[in-house]
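Numbering (the numbering used here), first residue to last: 271 to 669.
Put into structure tokens, the structure is as follows:
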């Protein structure tokens, strides 16, 4: 009797989760209004390690004259995170407008004391993407994975780094931490700022008039680029279109490789028409089962002629695609199903030849520290690995 009740409860739970997720996704698709921004011009500075990024980032915050808008997926509770909050509180006490928006799940380690420090100084704080009814399970999965900072409506930061000791090599098992993040100026600052404002309004219900917050100037020189905000299935369409455009080469750098069926099919088709496909991903994993989830896709790509490399030192967390050395897609989105179908992300398409050549040089340096993955490496898994590869299929949509 007890077993029957238990099984009945499990069945009811599965039906509820499936129904919640399906209806929640359908509702999101109907109500989501995608924003599209034009091609703009601006200047980029690229950072590949936290020791270089954070001094520049903190310096820009320290010298802010009017406003600081911050959106991160993860801020941890450690020394650098507390330094970050102290700096923001200092600027708020100076009378600058400081707004901090963090993902509810990703930044769960941020304490009430840290939040109170900001609020007592006059800053505004909110959590983004709290789960809510009637689609609790679906909204629980929808994370705000963006990392956006806009300072004075003139300077922006975007990329893969969050805030915590891991990102400045404070975690020995994942050090050195390799990532791509960039500082930008120019017309697209208004686009990043608009994305922050939209996310802030959704999280707080507070109205932020665009006319008084958006940077009014438009640069006419610098790198040609376009800000691409995505949520739901929008990123899948973008990635598929980029793969379709490729005629010579596709480079993909990502900490996780769990493509949707549509994206995987496009990669196989690209290989069939003679496009060179190269994937760089870390040898180490920072989450369970992500390597097992990637294995079956790697096997099929290797069979079709792709080159796959494992970054050996530390952890490779960069998110980048380079198509034919003519367009570079760089930002916050991983090459996995969570980023493609669930998360709120923001990427940047860059069309500038000098910038792309610079990123190719950075990628080439990272490839020097990687080893090729072979079919033999994948085709002789132990029993535990094989069972994990089969079992992970049930949840790979959430990885």
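A virtual CB, placed ideally from N, CA and C, is assigned to each residue, including glycine. Predicted model only: the values in this text are computed from it and were never measured.
Residue span of the alpha helix (DSSP H) that contains residue i, given as start and end
{"i": "residue 534", "result": "531-542"}
{"i": "residue 394", "result": "Residue 394 -> not in any alpha helix (DSSP H); beta strand (DSSP E) instead, spanning 394-398."}
{"i": "residue 454", "result": "That residue, residue 454, is in no alpha helix (DSSP H); its beta strand (DSSP E) goes 451-456."}
{"i": "residue 402", "result": "Per DSSP, residue 402 belongs to no alpha helix (DSSP H) and is neither H nor E."}
{"i": "residue 726", "result": "Outside the displayed span of the chain (271 to 669) sits residue 726, for which this structure offers no information."}
{"i": "residue 469", "result": "459-474"}
{"i": "residue 360", "result": "349-363"}
{"i": "residue 289", "result": "272-301"}
{"i": "residue 557", "result": "Premise fails: residue 557 is in no alpha helix (DSSP H) and is neither H nor E."}
{"i": "residue 507", "result": "504-515"}
{"i": "residue 665", "result": "Run containing residue 665: none; DSSP gives neither H nor E here."}
Local Cβ density within 10 Å of residue i, reported as buried at 16 or more and exposed below that
{"i": "residue 627", "result": "exposed"}
{"i": "residue 591", "result": "buried"}
{"i": "residue 284", "result": "exposed"}
{"i": "residue 405", "result": "buried"}
{"i": "residue 377", "result": "buried"}
{"i": "residue 425", "result": "buried"}
{"i": "residue 514", "result": "exposed"}
{"i": "residue 286", "result": "exposed"}
{"i": "residue 499", "result": "buried"}
{"i": "residue 271", "result": "exposed"}
{"i": "residue 236", "result": "Residue coverage of the chain in this structure runs from 271 to 669, which leaves residue 236 outside it and unanswerable."}
{"i": "residue 689", "result": "Coverage of the chain is limited to positions 271 through 669, which leaves residue 689 absent and any answer about it impossible."}
{"i": "residue 467", "result": "buried"}
{"i": "residue 281", "result": "exposed"}
{"i": "residue 623", "result": "exposed"}
{"i": "residue 299", "result": "exposed"}
{"i": "residue 666", "result": "buried"}
{"i": "residue 620", "result": "buried"}
{"i": "residue 634", "result": "exposed"}
{"i": "residue 318", "result": "buried"}
{"i": "residue 490", "result": "exposed"}
{"i": "residue 617", "result": "buried"}
Beta-carbon gap between residue i and residue j smaller than 8 Å
{"i": "residue 361", "j": "residue 338", "result": "yes"}
{"i": "residue 414", "j": "residue 394", "result": "no"}
{"i": "residue 357", "j": "residue 370", "result": "no"}
{"i": "residue 605", "j": "residue 524", "result": "yes"}
{"i": "residue 463", "j": "residue 420", "result": "yes"}
{"i": "residue 408", "j": "residue 303", "result": "no"}
{"i": "residue 615", "j": "residue 602", "result": "yes"}
{"i": "residue 262", "j": "residue 431", "result": "Nothing about residue 262 can be reported from this structure: the residues present for the chain run from 271 to 669 only."}
{"i": "residue 547", "j": "residue 576", "result": "yes"}
{"i": "residue 312", "j": "residue 440", "result": "no"}
{"i": "residue 527", "j": "residue 509", "result": "no"}
{"i": "residue 427", "j": "residue 453", "result": "yes"}
{"i": "residue 450", "j": "residue 588", "result": "yes"}
{"i": "residue 496", "j": "residue 368", "result": "no"}
{"i": "residue 535", "j": "residue 422", "result": "no"}
{"i": "residue 372", "j": "residue 342", "result": "yes"}
{"i": "residue 520", "j": "residue 600", "result": "no"}
{"i": "residue 556", "j": "residue 444", "result": "yes"}
{"i": "residue 662", "j": "residue 559", "result": "yes"}
{"i": "residue 265", "j": "residue 530", "result": "Not covered by the structure: residue 265. The range shown for the chain is 271 to 669."}
{"i": "residue 396", "j": "residue 470", "result": "yes"}
{"i": "residue 538", "j": "residue 579", "result": "no"}
{"i": "residue 533", "j": "residue 506", "result": "yes"}
{"i": "residue 639", "j": "residue 583", "result": "yes"}
{"i": "residue 392", "j": "residue 352", "result": "no"}
{"i": "residue 316", "j": "residue 632", "result": "yes"}
Distance between beta carbons of residue j and residue i, contact taken as under 8 Å
{"i": "residue 598", "j": "residue 625", "result": "7 Å"}
{"i": "residue 545", "j": "residue 518", "result": "6 Å"}
{"i": "residue 448", "j": "residue 585", "result": "7 Å"}
{"i": "residue 403", "j": "residue 384", "result": "No, residue 403 and residue 384 are not in contact; Cβ-Cβ is about 28 Å, not under 8 Å."}
{"i": "residue 435", "j": "residue 554", "result": "Not confirmed; about 17 Å, so no contact."}
Residue span of the beta strand (DSSP E) that contains residue i, given as start and end
{"i": "residue 244", "result": "The structure shown does not extend to residue 244, since the chain is modelled only from 271 to 669, so the question has no answer here."}
{"i": "residue 325", "result": "Careful: residue 325 lies outside any beta strand (DSSP E), inside the alpha helix (DSSP H) at 320-332."}
{"i": "residue 609", "result": "Residue 609 -> not in any beta strand (DSSP E); alpha helix (DSSP H) instead, spanning 607-611."}
{"i": "residue 420", "result": "418-421"}
{"i": "residue 337", "result": "337-342"}
{"i": "residue 640", "result": "640-642"}
{"i": "residue 436", "result": "Per DSSP, residue 436 belongs to no beta strand (DSSP E) and is neither H nor E."}
{"i": "residue 478", "result": "Run containing residue 478: none; DSSP gives neither H nor E here."}
{"i": "residue 617", "result": "615-620"}
{"i": "residue 317", "result": "310-317"}
{"i": "residue 521", "result": "519-523"}
{"i": "residue 597", "result": "597-601"}
{"i": "residue 444", "result": "No beta strand (DSSP E) holds residue 444; DSSP gives it neither H nor E."}
Stretch-stretch touch, CB-based, cutoff 8 Å, three pairs: the segment 568-578 with the segment 636-656: Taking 8 Å as the limit for Cβ pairs, the verdict is that the segment 636-656 does touch the segment 568-578.
The segment 592-612 contacting the segment 467-475, beta-carbon criterion three pairs below 8 Å: A contact is defined here as three or more CB-CB pairs under 8 Å, and the segment 592-612 fails this definition with respect to the segment 467-475.
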